[in-house]
Every structure is written in C-alpha cells, then in structure tokens.
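S.K.: For what it's worth, this note's numbering labels the leading residue of the sequence shown as -13, then goes sequentially.
One structure coming up, written as structure tokens, with questions to follow.
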Amino acid sequence: MKTLYLYLLFTFFFNCASNNTTEICDCYSKRANGTIDEKLNDCLGDNAKGKNADEARLKIKSTMKSLVENCTVYRRDFNKLSYYRFETGYPDLVSQKDSIAFCINNNIERPKNYNKLAEIYIRLNSLDLAMKNIDQSIKLSPSVSHSHWVKSYIFYKKKDIPNAVKEMIEASRFTTDDDSKYFTELQVIALKNEK
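Following this line, the structure appears as structure tokens:
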C-alpha cells in the first residue's frame, strides 16, 4: 500500500496543477485510456515547479482528496486501484490452499494464514468463506491493518458500503506509516462517496 501511494505521489510530483477540481475531473473523465496516474498526470499542469518537496506533496494530497470526494470517475478508478490485489491476487495463492489450511490446523502463524485463506476464497468468489476466515484472523489478532482491508473489500464486493467504511476506518486506526495511513483515509472518503 505504501509503495502504491508513493508511486502515485512521485509519478506526478513535478506536474501538480491548479486546485480546480472540476476542471481536473472533467479532463480525467474524458481520458479513456491509461492508468489512474497517467490520466491524472495528463490533466495536471506544471505549476508545482519551483515549489519545495513539502509544498508539492501537500498540493498532490489535496488534489487527490478533492478528486476522491468530488469526481465519480476518479473515485471509481481509485477504488479499483485500492482493491486491485484482491481482484487479481496472487495466481499461485489458490494452489496453496491445502498447505495454508495445514498451517492453520497446526497453529502456525494462524492470523496471517487466515488472511491468506480469506484472499483465496475471494479469488474463488466464495465471499462467505472469505468472511469466515477473515473474522477468525481478526479474532486472533484484531490490530492487523491488512485484515481490516480484506474485510472491507469483502463488504465492498457484497455492496455493503457502510460496513466496508467501518472496516476501512479500523484499518486506518491500526496503520502506523503516515503515507499508508493517508491512503487508507482516502479510501474511507472514497467509500463514503460510493453510490
């Protein structure tokens, strides 16, 4: 998550433009091709040049926050990017289902392995089994931020946005890294604005 945020941040570090969210949103919405950062970079000008790193970083953060709050197309792409790993996952993870279950049954890193098993069931589109496993993980280790991300995603897939928000707030509460915490807080805003 930190890597993703830093990638987004530095991809358009020197190209952050006016804070006119409507113009940026209109521009972003018209871009059919490209990744979220490529489309956003195309829509931002270059008025961050000459600013110090802290000023540019603050400008980028406020632009992203405004777009998450006010731009439907950007928010959709942001949600898709935020939950990307659950959509594509780790292809080899499903084949590890039996060995992960063995680890759980033998009390080996149970919270971590319940997380993995939940992600496998997400990939298999068995959301109820995924929820059962992530609940076990949270029961054993309630302060693991990633577990709450997984649970938030399950609620999101079930179109239960209020509970997805609740779990993302929990994820934010247990996130200690500043950049990851900011990204998690943006996700809370994106979910609250989900329609």
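Backbone N, C-alpha and C fix where the C-beta goes; we use that ideal spot for every residue, glycine too.
(1) CB-CB under 6 angstroms to residue 100, same chain, minus the five flanking residues each way: which ones, in chain order?
(2) Please work out which residues of its chain come closer than 8 angstroms, Cβ to Cβ, to residue 174, disregarding the five sequence neighbours upstream and downstream, and give them in chain order.
(3) Have a look at residue 135 and residue 112 and give me their C-alpha separation to the nearest angstrom.
(4) What are the start and end residues of each continuous alpha helix (DSSP H) run of 4 or more residues lying completely inside the segment 124 to 169, in chain order?
(5) If residue 6 and residue 176 are in contact, beta carbons under 8 angstroms, what's the gap, nearest whole angstrom?
(6) Would you identify the three-state DSSP class for residue 56, choosing helix, strand or coil?
(7) Considering Cα atoms alone, identify which of 94, 13, 138 is closest to residue 59.
(8) Work out the CA separation of residue 90 and residue 163 for me, nearest whole Å.
(9) Within a Cβ cutoff of 6 angstroms, which residues of the same chain sit near residue 115, ignoring the five residues on either side of it in sequence?
(10) Got a sec, what are the start and stop residues for the alpha helix (DSSP H) residue 85 sits in?
(11) What did DSSP end up calling residue 171 once you bin it into helix, strand or coil?
(12) Could you tell me if residue 70 is buried or exposed, where buried requires 16 or more neighbouring beta carbons within 10 angstroms of its beta carbon?
(13) Please state whether the Cβ-Cβ distance between residue 102 and residue 79 is less than 8 angstroms.
(14) Just how far apart, CA to CA, sit residue 41 and residue 88?
(15) Would you call residue 84 buried or exposed, if buried means 16 or more other Cβ atoms sit within 10 Å of its Cβ?
(16) Quick check on the burial criterion: 16 or more other C-beta atoms within 10 angstroms. Buried or exposed for residue 104?
(17) Should residue 110 be labelled buried (16 or more other beta-carbon atoms within 10 Å of its own) or exposed?
M.R.: Answer, in terms of the structure:
(1) 119, 122, 123
(2) 151, 154, 155, 158
(3) 17 angstroms
(4) 131 to 143, 147 to 159
(5) Wrong, their Cβ atoms sit about 20 angstroms apart, outside the cutoff.
(6) helix
(7) 13
(8) 29 angstroms
(9) 107
(10) 83 to 91
(11) helix
(12) exposed
(13) yes
(14) 51 angstroms
(15) exposed
(16) buried
(17) exposed
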